[in-house]
Ligand code: ADP
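In the numbering used here, the protein residues as written are 56 to 436.
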């Protein structure tokens with residue numbers, strides 16, 4: 056342990072992407088300087104944290120020895136190792152029960168189904184026959200998913216319309232474990248961010264809505280344009296899941312609002328892209344509340360301070376434009392909050408986000424879009 060690592064609240068974060076970067080920033084605000092386990096010197100959070108140490112996530116044991124509490128920004132973890140660390144007294148937050156559910160989509164579905172939560176029909180796909188049997192009962196399209204989380208930007212979901220497409224996905228992903236799900240009649244995609252302290256004190260943020268283009272989230276709106284009944288049900292559902300899993304820290308619950316009601320899509324046991332707006336739109340951001348929760352400190356309020364918040368993700372384009380070169384134009388869009396992650400541009404890579412608060416979603420979206428266009432080097436902004 057280096058001498059400059061503070062003795063009080065020794066927090067370690069495994070991973071050093073933008074989630075770790077913003078969590079680190081929130082901790083620094085509280086006078087806590089977390090230590091990061093990064094993989095590359097140009098990882099987004101490593102650029103902002105001089106005290107980062109470098110190593111594969113599997114080199115966790117040595118890292119854990121220097122920390123009082125360890126939290127994670129991704130799910131590419133060795134669960135056996137985490138369990139051994141937890142058994143030897145390390146404070147792994149969220150605990151391994153939650154990490155196991157976030158880590159393995161089949162396990163997650165089974166846990167949720169066994170506890171009576173609404174999930175799509177699912178089945179493991181061990182062979183092409185498994186998939187053919189599934190489609191014979193539930194018909195096409197079928198949703199194929201990788202059971203384990205991949206690296207950022209790696210495709211892990213395929214909506215296949217027929218047997219031919221399905222077989223192509225199976226053969227291209229022969230080295231990955233896959234599962235099949237029935238296609239959901241989605242009206243809206245919602246996310247509820249819940250934060251929970253050890254012992255069960257829980258708060259939920261307003262329900263947000265994500266808007267995807269080509270399977271990628273471009274825009275996040277908060278609060279979601281859903282009625283009071285759906286919003287209340289979504290928050291209750293997410294809170295019950297956090298309780299069931301004994302989650303500690305942020306648990307993001309992705310939901311589909313379908314013609315049949317709410318269905319749980321996915322859980323992420325860490326701050327989530329759909330909660331980035333909370334930095335400006337709530338008194339306590341998801342990052343700060345994550346830090347507070349994992350360190351068992353009092354949670355802060357989660358209500359929204361403006362009627363509408365819109366976040367647009369800044370994704371790398373094929374033209375190689377670097378948003379950092381257009382910072383000045385983006386900042387000229389009055390009132391928009393610009394966040395850049397310090398990453399090198401690559402097509403499809405999340406390079407930053409912008410958030411706008413306004414009296415209604417139309418206004419907020421217009422402001423956020425102008426800043427996004429400016430960062431992408433497009434005119435007029
Ligand atoms: P990722 O890990 O890439 O976020 P998701 O499970 O969230 O994967 O799926 C990505 C997108 O695919 C979802 O946002 C949704 O639009 C679509 N999708 C996933 N599962 C289903 C399903 N069962 N039915 C219909 N669409 C789905």
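Note that the Cβ used here is the ideal one computed from N, Cα and C, for glycine as well. Being a predicted model, the structure only gives us computed values, none of them experimental.
1) Would you kindly work out how many angstroms separate the C-alpha atoms of residue 397 and residue 268, rounded to a whole number?
2) Taking just the CA atoms, how far does residue 203 sit from residue 352?
3) Whose C-beta lies closer than 6 Å to the C-beta of residue 82 among residues of the same chain, with five residues either side of it excluded?
4) If you drop the 5 nearest sequence neighbours on each side, which residues of the same chain put their C-beta closer than 6 Å to that of residue 58?
5) Determine, using beta-carbon pairs with one atom in the segment 382-392 and one in the segment 416-426, whether at least three such pairs fall under 8 Å.
6) Where does the unbroken alpha helix (DSSP H) through residue 307 begin, and where does it stop?
7) If we ignore side chains and look at the alpha-carbon of each, how far apart do residue 322 and residue 308 end up?
8) How big is the Cα-Cα spacing for residue 231 and residue 200?
9) Excluding the five sequence neighbours on either side, which residues of its own chain have a C-beta within less than 7 Å of the C-beta of residue 333, listed in chain order?
10) Just how far apart, CA to CA, sit residue 56 and residue 63?
11) Residue 245 and residue 263 look like a contact to me (Cβ under 8 Å); what is the Cβ gap, rounded to whole Å?
12) Where do the N-terminal and C-terminal ends of the alpha helix (DSSP H) with residue 79 fall, by residue?
13) At 3 residues or longer, and completely inside the segment 158-196: list those beta strand (DSSP E) runs for me, N to C.
14) My guess is that residue 129 and residue 70 are in contact by the Cβ rule of under 8 Å, so how many angstroms apart are they, rounded?
15) Please report how far the alpha carbon of residue 284 lies from the alpha carbon of residue 317, in whole angstroms.
16) Do you know how far the Cα of residue 177 is from the Cα of residue 164?
17) What residue range does the beta strand (DSSP E) around residue 360 cover?
18) Please classify residue 279: is it buried, with 16 or more other beta-carbons within 10 angstroms of its beta-carbon, or exposed?
19) Taking 7 Å as the cut-off, does the CB of residue 342 come closer than this to any heavy atom belonging to the ligand ADP?
20) Closer than 7 Å to a non-hydrogen atom of the ligand ADP - does that hold for the CB of residue 321?
21) Starting from the C-beta of residue 162, find all residues in its chain whose C-beta is less than 7 Å away, skip the five residues before and the five after it, and write them out in chain order.
22) For the alpha helix (DSSP H) containing residue 116, list its first residue and its last residue.
23) What span of residues does the alpha helix (DSSP H) with residue 342 cover, start to end?
24) Beta carbon of residue 270: closer than 7 Å to some heavy atom of the ligand ADP?
25) Taking buried to mean at least 16 other C-beta atoms within 10 Å of its own C-beta, is residue 189 buried or exposed?
26) For residue 315, does the count of other Cβ atoms within 10 angstroms reach 16, so buried, or fall short, so exposed?
27) Mark residue 84 as exposed unless 16 or more other C-beta atoms lie within 10 angstroms of its C-beta, in which case mark it buried.
28) According to DSSP, residue 366 sits in a beta bridge with which residue or residues?
29) Would the beta-carbon of residue 267 be found less than 7 Å away from any heavy atom of the ligand PLP?
To lay it out plainly:
1) 24 Å
2) 32 Å
3) 89 and 346
4) Annotation note: pLDDT 48 at residue 58 (below 50); position unreliable, coordinate value reported separately. Excluding residues within five positions, none has a Cβ falling inside 6 Å.
5) yes
6) Looking at the DSSP string, residue 307 is not in any alpha helix (DSSP H); the run it does join, the beta strand (DSSP E), is 304-313.
7) 5 Å
8) 10 Å
9) 260, 340 and 341
10) Low confidence applies here, because residue 56 scores a pLDDT of 45, under 50, leaving its location unreliable and the question unanswered by this model.
11) 7 Å
12) 73-84
13) 177-180
14) 5 Å
15) 11 Å
16) 8 Å
17) Run containing residue 360: none; DSSP gives neither H nor E here.
18) buried
19) no
20) yes
21) 155 and 156
22) 115-120
23) 341-349
24) yes
25) buried
26) exposed
27) exposed
28) 275 and 410
29) For the ligand PLP, the structure offers nothing, since it holds only the ligand ADP.
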